[in-house]
Amino acid sequence: MTQVGLGRVDPSPAARPGDPGPLAPGQALAELHAGNHRFVTGAPRHPNQDAGHRAAVADGQHPFAVIVGCSDSRLAAEIIFDRGLGDLFVVRTAGHTVGPEVLGSVEYAVTVLGTPLVVVLGHDSCGAVQAARAAASTGTAPVGHLRAVVDAVVPSLRRAAERGVEDINGIVDIHIAQTVEAMLADSFVLAAEVTAGRCAVVGMSYRLSAGEVRTVAAVPAGFAAAPAVPSATAPAAQDAPTPPPGVTPAAPAAPAAA
Ligand SMILES: [Zn+2]
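This is the structure we're talking about:
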């Protein structure tokens, strides 16, 4: 019988040199903000990218964050968060659309690897969101499997229309929050981890030109506004969500960049 897995699994969260070790959700978020701040300010440290660390993590992984990001080529997680091998468990699809394989991957990281933070990472001027809007406005369905991507964005377009949001980046923010909601609604495993306090889910929007992330949604509500361990290098006041039911939504979208 063939056993299928994602590689060697060492569920024990032992820290290694250069490894942040087991973190609380707030600490994991602070690490991401600190890394993004280094990237934005042109002072990246490129941690955990050396041969020694590569060898150290070969026997097991303990990523401190899952990134469910858009596939956009300008959104490479390890670069924009200034992290290295073994730090981030990354799943990317166009428009960060979420299906069973994505949810299974997230559940694996959270339950087997003990990852305490899940981030939905979108960005301004997202091509998948623009394609969905174009398809909706013209009534023309895309050919091939691209339709699955467009269909997954349609509920976010409806929500944006209900709120009178027409700006593409405002729609992106709504789509990020909608993705957070959908993941928790469709994955009872993830929802249970959040309820138990072992995990948090945050939606972030990335600005292509500036390189910075902004929090637009968080579960539990208010989580992202007060990281448990603020980093000395992390930006202090960029998280100011306003709570609706279940999910903390975005402030009004910033003007388009890039
Ligand atoms: Zn995109």
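Residue numbering for the sequence shown is 0 to 257, as defined by numbering that gives the first Met the number 0. We put the CB at the ideal spot given by N, CA and C, even for glycine. Everything numeric in this text was worked out from a predicted model, so none of it was measured.
> Who pairs with R146 in a beta bridge, going by DSSP?
Replying inline: Beta-bridge pairing links R146 to no other residue.
> Using the C-alpha atoms, what's the distance from L84 back to A224?
Replying inline: 28 Å
> Does the separation of the CB atoms of A131 and V149 fall below 8 Å?
Replying inline: yes
> Using the beta carbon as the reference atom, which residues fall closer than 6 Å to any heavy atom of ligand 1, ordered along the chain?
Replying inline: Qualifying residues, in the order they occur: C69, D71, G94, H122, C125, G126, A127.
> How is the beta strand (DSSP E) around S204 delimited, first residue to last?
Replying inline: 199-205
>> Just to check my reading of the structure: V65 and A127 have Cβ atoms closer than 8 Å, yes? What is that Cβ distance to the nearest angstrom?
In response: Contact flag wrong, Cβ pair sits at about 20 Å.
> Which partner residues does S90 have in the DSSP bridge list?
Replying inline: Residue identity differs from the one stated: residue 90 is Val in this sequence, not Ser. Under DSSP, V90 forms a beta bridge with V67.
>> Taking a contact to mean a Cβ-Cβ separation below 8 Å, would you say A140 touches A134 in this structure?
In response: Less than 8 Å separates the beta-carbon of A140 from that of A134.
> Given that a residue counts as buried once 16 or more other Cβ atoms are within 10 Å of its Cβ, and exposed if not, what is R162?
Replying inline: exposed
> Taking three-plus beta-carbon pairs below 8 Å as touching, is the region 155-175 in contact with the region 99-116?
Replying inline: no
>> So for T40, helix, strand or coil by DSSP?
In response: coil
> Which residues bound the alpha helix (DSSP H) around L102?
Replying inline: 99-106
> With a CB to CB cut of under 7 Å and the five nearest residues on each side skipped, what residues in its chain are close to G138?
Replying inline: none
> Grouping DSSP H, G and I as helix and E and B as strand, with all else coil, what is T137?
Replying inline: helix
> Is T178 helix, strand or coil when you go by DSSP?
Replying inline: In the three-state DSSP reduction, T178 falls in the helix class (H, G or I).
>> Please return the same chain residues whose Cβ sits closer than 6 Å to the Cβ of G121, not counting the five positions on each side in sequence.
In response: C69, H95, V171, I175, S204
>> Give me the residue from N47, G202, A75, A93 with the minimum Cα distance to H144.
In response: A93
> With burial defined as no fewer than 16 other Cβ atoms inside 10 Å of the residue's Cβ, what is the status of D49: buried or exposed?
Replying inline: exposed
> Under the rule that 16 or more other beta-carbon atoms within 10 Å means buried, what is T40, buried or exposed?
Replying inline: exposed
> Taking just the CA atoms, how far does S208 sit from I79?
Replying inline: 12 Å
> Alpha carbon to alpha carbon, what distance is there between G210 and A27?
Replying inline: 19 Å
>> Quick check on A217: buried or exposed, where buried means 16 or more other Cβ atoms within 10 Å of its Cβ?
In response: buried
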